[in-house]
Structure formats: structure tokens, C-alpha cells
Amino acid sequence: MAKDKSIYICNECGASSARWLGKCPGCGAWNTLVETIAEPAAAGGKNRLGASFAALVPPAGVRPLAEIEAVDVARTPTGQGELDRVLGGGIVQGQVVLIGGDPGIGKSTLLLQALDALQRTQRGGDTLAAGPLPRQGAAPSGGSAAGEAAQRGSSMLYVTGEESGAQVALRAKRLGITGSQVAVLAEIQLEKILATLGQQQPAVAVIDSIQTVYSDQLTSAPGSVAQVRECAAHLTRWAKASGCAVVLVGHVTKDGQLAGPRVLEHMVDTVLYFEGDTHSSFRLIRAIKNRFGAVNEIGVFAMTERGLKGVSNPSAIFLSQHAQPVPGSCVLVTLEGTRPMLVEIQALVDTGGPSPRRLSVGLERDRLAMLLAVLHQHAGVATGDQDVFVNAVGGVRISEPAADLAVLLAITSSLRGKALPKGFIAFGEVGLAGEVRPAPRGQERLKEAAKLGFSVAVVPKANAPKKSDKAFEGLTIHAVERVDEAMALLRGLDA
Ligand code: TYD
Ligand code: MG
Numbered sequence: 001m002a003k004d005k006s007i008y009i010c011n012e013c014g015a016s017s018a019r020w021l022g023k024c025p026g027c028g029a030w031n032t033l034v035e036t037i038a039e040p041a042a043a044g045g046k047n048r049l050g051a052s053f054a055a056l057v058p059p060a061g062v063r064p065l066a067e068i069e070a071v072d073v074a075r076t077p078t079g080q081g082e083l084d085r086v087l088g089g090g091i092v093q094g095q096v097v098l099i100g101g102d103p104g105i106g107k108s109t110l111l112l113q114a115l116d117a118l119q120r121t122q123r124g125g126d127t128l129a130a131g132p133l134p135r136q137g138a139a140p141s142g143g144s145a146a147g148e149a150a151q152r153g154s155s156m157l158y159v160t161g162e163e164s165g166a167q168v169a170l171r172a173k174r175l176g177i178t179g180s181q182v183a184v185l186a187e188i189q190l191e192k193i194l195a196t197l198g199q200q201q202p203a204v205a206v207i208d209s210i211q212t213v214y215s216d217q218l219t220s221a222p223g224s225v226a227q228v229r230e231c232a233a234h235l236t237r238w239a240k241a242s243g244c245a246v247v248l249v250g251h252v253t254k255d256g257q258l259a260g261p262r263v264l265e266h267m268v269d270t271v272l273y274f275e276g277d278t279h280s281s282f283r284l285i286r287a288i289k290n291r292f293g294a295v296n297e298i299g300v301f302a303m304t305e306r307g308l309k310g311v312s313n314p315s316a317i318f319l320s321q322h323a324q325p326v327p328g329s330c331v332l333v334t335l336e337g338t339r340p341m342l343v344e345i346q347a348l349v350d351t352g353g354p355s356p357r358r359l360s361v362g363l364e365r366d367r368l369a370m371l372l373a374v375l376h377q378h379a380g381v382a383t384g385d386q387d388v389f390v391n392a393v394g395g396v397r398i399s400e401p402a403a404d405l406a407v408l409l410a411i412t413s414s415l416r417g418k419a420l421p422k423g424f425i426a427f428g429e430v431g432l433a434g435e436v437r438p439a440p441r442g443q444e445r446l447k448e449a450a451k452l453g454f455s456v457a458v459v460p461k462a463n464a465p466k467k468s469d470k471a472f473e474g475l476t477i478h479a480v481e482r483v484d485e486a487m488a489l490l491r492g493l494d495a
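If you're matching positions, the sequence shown starts at 1 in the numbering used here and goes up one per residue.
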């Protein structure tokens, strides 16, 4: 194959240059040029905007929206209930999923388990092996897919660029899935991978990882922005043209971003992040974007000796066990997707040096600074000369503002050296004016706490149940409207 010419395109303004330059000739931005393959000029310049439009044949597919039938996407469960939960019920034909996470967190393990389970249920073929996607007027450009897709098998393909076939086999043995019919290809060259995809016509293909794949057409190294983008674009096109679901594994950089361009997140249908503390056995999968389901849903897994096992009732796994209540600890009821979860928030307030530190793990640091200011201004609790450390136990990351009240109560408890009462929970957002705002679906949170045997709750007024309900039995609910009210309540509870 003749090598296509490379050109360099500016990420900011789109200007192009024949060679790499430090400064974009178009917009003057620095270090924004990335290598891409020059599009071969289409006959008569058909694709170019400048060409005469009269010569273009309009596609026949223009129809009023009302006439287009809305078909529900058919989902195939992956055999991993928690993974299906984040995917929105299962994997969809032609779906492109990007799954990111720290090294060693369990991406390869989960995907191998899922492929094997899919392979076992797909024998004889069903929804996933049903041929190309119905896309009107879209000429497939990812290969010779469309024609052959009708005969597509129901096989699962695992492309590994990081490990050898033997290493994958070793992992399979450890997982107890010997005798697996999943096809394995150890390959990192995009053209060869695409050729294999064309020949094998798998129903689901996993590319582990996208950073190891490189295309012949570009001179830049595997893992570079240009390579990652180009390879992901080709694989996405293949998925859409053939109906094969493609799962791309992506690495995460130190600051938690998916390595490679953000454009990868825009290109794919679903973005999943694997998170959790590698020192604990629990792992969370979070959907950041999902064209086929809800976001913010999480899946919870435990890493065991034999791979990842779904945790279907995760509400109490992020609580640490204290025989007696300790100062600086407050349990928060957080709502992740559709499930309430109880997470322990710990705070430690200590005499600080000349510039006191504010550190948070699993919670936003800026939010912590804001909460401390509210605590000072509206409840008269000063921490200006103190170090404040806050931690969400178990490596969970909490982004919802409903954690505010629990954070403030944990901080005050540590500052006073007094533990909160036994069986205490709290939730609620705190505003800059010192008000405590309601959290979404408060009743569900309270029900979960009551179910797990908690006995005292401090919640926003609007979340307190209007009438007594059996579901809250055993739980004394204190409703507060302002931060100072919550602090006064704490003092009352001591007595
Ligand atoms: P892996 O899937 O290789 O992570 P990633 O692909 O995200 O880099 O996970 C490897 C880790 O999981 C490794 O530290 C060993 C551990 N592990 C288990 O605890 N039990 C198992 O059954 C397997 C296969 C791995
Ligand atoms: Mg891996």
C-alpha cells in the first residue's frame, strides 16, 4: 500500500501545514499541530466545500422526523450484572465503548470475563450478530464490512497489545475460564487488526489498549495523540459500518484524564471510568457519557482471587468499622445513579503552621475551602489557623454537593474532639448564605439508612418526611434549615 501523505493540523484552529511547526501559522498557538493523514483528494473535489454544489447528488434519505420509526436498541447482557448496569442494560450492536482507569485496576480482567460470558451465551447467535446497522445513505468506509456482515459469526475477539497470548491464557486460567472460545489476537498494528476484524466478523471486539495500537500511515509513535486519534477513528468507523461492538481500553494519566485527546471521548458512544483504591478490593465503574443509557450510574465490583465479582448490594461497603463512635467521622448517604450508598466521611483538624493546609481525598478541595468559609461566617466556627484533612473512606470519589453537611459535621466533630452519636447519618447541600438545601431523592436515602439500622439523621428541612412512615422506623430525623442550626443541634445531642 502506498503511504498516504501526512499533514499537520492545528488542534485549535484547524489550519494545516506540510511539516510540523512549534507555532501554528494560523492562530499562533504553541504546540498545537498534530500529525494526521492527508485525505486523498476525492474525484472532482466532491467533498470540498468550495466545489460546485450543483454537481453533487443529494442522498435519498431526507425524511420528516415524524416518519422515522424509533426502534428500541437491542441490548445484549454481558453476563456481568454491574457492567450491564452502567452500560444501561447491556451492550448494543455497533456501540463503541471507551473504558479508562489506572493501571492494574482490573480493566483487562473485567473485559476478558465479560467476553467469555458473552461467548458462552452467544452460541447460536442472537441480537449482537444481526448484521450491519441500518444507516441510510452512509457509505461504510471502515473496510469491506457491509457486504460480509450478514454472515458475521457470533465470536468475541480480544486484541491484546500489552500482553502476549500466553499471558492472556494465564489470566484466563486464573479466572477459571479454561476452554474459552474467545479469539485472541496479539497485535498492535491497526491495518492488521482491521484486516482480522474484516475476516473474523466478530460480534464484540476488545482493543486492549488503544494506546498501544499504531497505524502505518503515521510516523508518530504509538500512544501519541495523533496515533490514538487516528486509530480510534478507524475502529469507530469500523464499528458503525459493521455493527460490531468495539470496546477500547484507555490509559489514564496521573491527573486522572484519559490519555490521548479529549476528542476520543467525543468520538465514542460510551465512556466508562474504572475507579477505586488499588489497596482495597472494591472497584467502581462510572459512566461519564452514554448515548444508550443513563450517566452517573455506577457498578460496584470486588476484586477476588478469581477475578472481579459484582457487588449487587453495595450500600454498606464504604463504612469502616468502629467499635465505638470516634471524633471526626460522619456517615453520608450518597446517591450514585439509582442506588443510595453509605460512605463514611472522615475529617481531622489539627494545629497548623503559618500557612494551614486543606487536603481532601475523594472530595473536591475547592468545595472544602468554601465549606470552611461558610462554617466560619455562618456558624462562628473558625478553622483559619488549623490544618484540615478530609477523606471519603474506601477510595470512593464523591462529586455531589449533598455531601456538604456530612463534611461540615465531621470537621466540627474533630475540632471539638467529640464523636457524633452512634448510628448517625447526614446529607444535604450547603449554600454560601449558610442555608442547608435539599438533596435529590432524600426519602430514598433515609429509607436506606433506616434499613441498615442507623438511628439518628440530620437532613435538610425539605427532605424530612411529612408523615410518619414505617420505612423510617427506628430513625430519629432532625430537619435543619441553616448551618448554625445544625451546629446547635450537635451541641444538644451531646447532652
Ligand atoms: P488487570 O486487569 O491486569 O488491570 P489493568 O488491565 O486495568 O491494568 O488487573 C490486574 C490486577 O488484578 C493485578 O494486580 C492482579 C489482580 N487480580 C486479582 O486480584 N485477581 C484475579 O483473578 C486477577 C485476574 C487479577
Ligand atoms: Mg491491562
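By construction, the Cβ of each residue, glycine as well, lies at the ideal position given by its N, Cα and C atoms.
These numbers were taken from a predicted model, which means no experiment stands behind them.
Cβ neighbours of residue i in the same chain (closer than 6 Å, five flanking residues each side left out)
{"i": "serine 108", "result": "Asp208"}
{"i": "valine 249", "result": "Ile99, Lys107, Asp208 and Ser209"}
{"i": "valine 246", "result": "Val96, Ala205, Leu235 and Ala239"}
{"i": "threonine 270", "result": "Val97 and Asn290"}
{"i": "lysine 447", "result": "Ala471"}
{"i": "glutamate 191", "result": "Asp216"}
{"i": "leucine 496", "result": "Lying before the first or after the last residue shown, residue 496 is absent from the chain, which here runs from 1 to 495."}
Rounded separation between residue i and residue j - CA only
{"i": "isoleucine 7", "j": "serine 215", "result": "15 Å"}
{"i": "alanine 38", "j": "threonine 236", "result": "19 Å"}
{"i": "alanine 433", "j": "valine 206", "result": "50 Å"}
{"i": "valine 97", "j": "cysteine 27", "result": "34 Å"}
{"i": "glutamate 162", "j": "threonine 212", "result": "7 Å"}
{"i": "glycine 474", "j": "valine 396", "result": "28 Å"}
{"i": "serine 281", "j": "glutamate 275", "result": "11 Å"}
{"i": "cysteine 10", "j": "arginine 19", "result": "12 Å"}
{"i": "aspartate 484", "j": "glutamate 297", "result": "34 Å"}
{"i": "glutamate 364", "j": "isoleucine 317", "result": "22 Å"}
{"i": "serine 360", "j": "leucine 368", "result": "7 Å"}
{"i": "alanine 499", "j": "threonine 160", "result": "The first residue shown for the chain is 1 and the last is 495, placing residue 499 beyond what the model contains."}
{"i": "valine 565", "j": "alanine 294", "result": "Nothing about residue 565 can be read from this structure; the chain reaches only from 1 to 495."}
{"i": "aspartate 387", "j": "leucine 372", "result": "11 Å"}
{"i": "alanine 488", "j": "threonine 32", "result": "55 Å"}
{"i": "valine 459", "j": "leucine 319", "result": "19 Å"}
{"i": "glutamate 82", "j": "proline 354", "result": "47 Å"}
{"i": "phenylalanine 389", "j": "glutamate 344", "result": "14 Å"}
{"i": "serine 413", "j": "leucine 272", "result": "36 Å"}
{"i": "alanine 532", "j": "valine 34", "result": "A query on residue 532 cannot be resolved here, the shown segment of the chain reaching from 1 to 495 and no further."}
{"i": "leucine 348", "j": "valine 393", "result": "13 Å"}
{"i": "proline 132", "j": "glycine 243", "result": "Low local confidence applies: a pLDDT of 47 at proline 132 is under 50, so the model's placement there is unreliable, and no value is given."}
{"i": "alanine 450", "j": "valine 326", "result": "21 Å"}
{"i": "glutamine 93", "j": "alanine 233", "result": "17 Å"}
Sequence-distant residues of its chain with Cβ nearer than 8 Å to residue i (five each side left out)
{"i": "glycine 104", "result": "Thr278"}
{"i": "threonine 36", "result": "Ser6, Ile7, Tyr8, Ile9, Leu218, Ala226, Arg229 and Glu230"}
{"i": "serine 141", "result": "Bear in mind that the predicted position of serine 141 carries a pLDDT of just 41, short of 50, making it unreliable; the figure below should be weighed with that in mind. Arg237 and Ala241."}
{"i": "threonine 78", "result": "Asp84, Leu87, Gly90, Ile91, Ala114, Ala117 and Leu118"}
{"i": "glycine 14", "result": "Gly26"}
{"i": "tryptophan 30", "result": "Gly22, Lys23 and Cys24"}
{"i": "arginine 482", "result": "His378, Gly434, Glu435 and Val436"}
Residue nearest to residue i in terms of C-alpha spacing, selected from the options
{"i": "alanine 406", "options": "Glu435, Gly352 and Ser329", "result": "Ser329"}
{"i": "histidine 322", "options": "Phe301, Lys467 and Leu420", "result": "Leu420"}
{"i": "serine 468", "options": "Leu197, Asp366, Arg491 and Gln443", "result": "Gln443"}
{"i": "lysine 309", "options": "Gln199, Pro401 and Ala117", "result": "Ala117"}
{"i": "alanine 479", "options": "Val343, Arg174, Arg437 and Ser16", "result": "Arg437"}
{"i": "leucine 415", "options": "Gln346, Gly428 and Arg482", "result": "Gln346"}
{"i": "isoleucine 398", "options": "Leu446, Val333 and Gln200", "result": "Val333"}
{"i": "arginine 171", "options": "Lys418, Leu110, Val295 and Gly453", "result": "Leu110"}
{"i": "threonine 178", "options": "Arg306, Gly299 and Ser413", "result": "Arg306"}
{"i": "glycine 423", "options": "Leu342, Thr304 and Leu175", "result": "Leu342"}
{"i": "glutamate 515", "options": "Ala287, Ile411, Glu12 and Val390", "result": "Residue 515 lies beyond the residue range present for the chain, which begins at 1 and ends at 495; the question has no answer from this structure."}
{"i": "isoleucine 477", "options": "Asp494, Asn391 and Ala457", "result": "Ala457"}
{"i": "isoleucine 223", "options": "Thr76, Gln189 and Gln122", "result": "Here residue 223 is glycine; the residue named in the question, isoleucine, does not match the sequence. Measuring from the Cα of glycine 223, the nearest candidate turns out to be Gln189."}
{"i": "glutamate 429", "options": "Gly352, Ala462, Thr76 and Ala449", "result": "Ala462"}
{"i": "alanine 410", "options": "Pro314, Phe454 and Ala486", "result": "Ala486"}
{"i": "lysine 356", "options": "Glu400, Gly101, Val326 and Gly384", "result": "Looking at the sequence provided, one finds proline at residue 356 rather than lysine. The residue with the shortest Cα to Cα distance from proline 356 is Gly384."}
Closer than 6 Å: residue i CB and nearest ligand 3 heavy atom
{"i": "glycine 328", "result": "Absence of ligand 3 is noted for the structure shown, with ligand 1 and ligand 2 being the only ligands found."}
7 Å Cβ shell around residue i - same chain, five flanking residues per side excluded
{"i": "alanine 382", "result": "His376"}
{"i": "arginine 491", "result": "none"}
{"i": "arginine 441", "result": "Leu335"}
message: Report the start-end ranges of each beta strand (DSSP E) in the region 429 to 460 that is 3 residues or longer and not cut off at the edges.
response: 456 to 460
Open item on the list: Using only Cβ atoms and a threshold of 6 Å, which residues come within that distance of a heavy atom of ligand 1? Order them by chain position.
Closed with: Gly101, Pro103, Gly104, Ile105, Gly106, Lys107, Ser108, Thr109, Arg171, Arg174, Leu175, Met303, Glu305, Arg306 and Gly307
Would you list, in sequence order, the uninterrupted beta strand (DSSP E) runs of no fewer than 3 residues that lie entirely inside the region 339 to 426? 339 to 351, 358 to 361, 386 to 392 and 424 to 426
*Would you mind listing the alpha helix (DSSP H) stretches within the region 245 to 311 that are 4+ residues and don't spill past its ends, in chain order?*
263 to 267
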